[in-house]
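Numbering (the working numbering), first residue to last: 1 to 208. From the three backbone atoms N, C-alpha and C, an ideal C-beta is built for every residue, glycine too. None of these values were measured; they are calculated from a predicted model. For reference, the structure is listed below as structure tokens.
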């Protein structure tokens with residue numbers, strides 16, 4: 001990093017309030033305090049701290065979409081962005097899912113999957129296509145089906161827990177397949193303890 005940029009970053013850090021410094025420790029809050037004049041933020045809609053994910057300009061709104069995965073609830077960030085900028089291409093996907101007309105087409109399925117990828121960070125490699133096909137044969141409305149699968153994905157995300165990255169200095173949500181899952185902090189406990197106490201508990205558990 002150039003020296004001029006290092007100085008700029010250091011000066012910016014000195015101007016942060018105590019509350020802003022604490023907010024930066026929370027998931028999705030790494031840039032709290034950087035855009036104080038923005039006036040419009042999507043962070044709280046996604047479970048991130050106040051002052052995160054600025055969306056006062058189209059450029060910043062697109063950045064919020066790109067980094068939504070770092071918030072506890074990425075779908076909330078995207079919904080806030082799409083409410084402010086409904087003309088974004090990624091915000092029009094759900095509209096492409098038309099009412100069922102008696103036959104499912106490849107385009108219908110692709111639209112549903114694209115909607116799920118945007119709204120729920122769906123990993124296509126982990127899709128149960130047999131389950132999807134079975135539901136397609138039963139459901140009479142593509143949008144309802146998309147919401148049904150999305151709710152199922154949200155239920156699965158509840159199993160994820162928080163781990164603290166000692167290198168990144170940030171909290172991350174991980175699943176049961178992560179090597180640090182055994183020491184991870186459940187989401188409800190994380191909210192109860194807060195970032196600071198949760199960090200102490202997590203690091204202490206890893207030393208045992």
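Practice task
Look at the Cβ atom of residue 171, then the Cβ atom of residue 195, and state whether they are nearer than 8 Å.
Solution key: yes
Problem - Short Cβ contact (8 Å threshold) for residue 56 with residue 40 - result: yes
Problem - Buried versus exposed, by CB contacts within 10 Å (16 or more), residue 86 - result: exposed
Handout entry: Chain-order list of residues whose beta-carbon lies under 8 Å from that of residue 202 (same chain, five-residue window excluded)
Key = 162, 163, 164, 183, 184, 185
Practice task
Please classify residue 176: is it buried, with 16 or more other beta-carbons within 10 angstroms of its beta-carbon, or exposed?
Solution key: With fewer than 16 Cβ atoms within 10 Å of its Cβ, residue 176 is classed as exposed.
Handout entry: Coil, strand or helix - residue 113 by DSSP
Key = Residue state, collapsed to three classes: helix.
Problem - Opposing strand residues paired with residue 173 [DSSP bridges] - result: 162
Practice task
Please determine, among 64, 58, 173, the residue with the shortest C-alpha to C-alpha distance to residue 43.
Solution key: The residue among 64, 58, 173 with its C-alpha nearest the C-alpha of residue 43 is 64.
Exercise for the section: Find out if the Cβ-Cβ distance for the pair residue 20, residue 33 is shorter than 8 Å. Expected result: Contact: yes.
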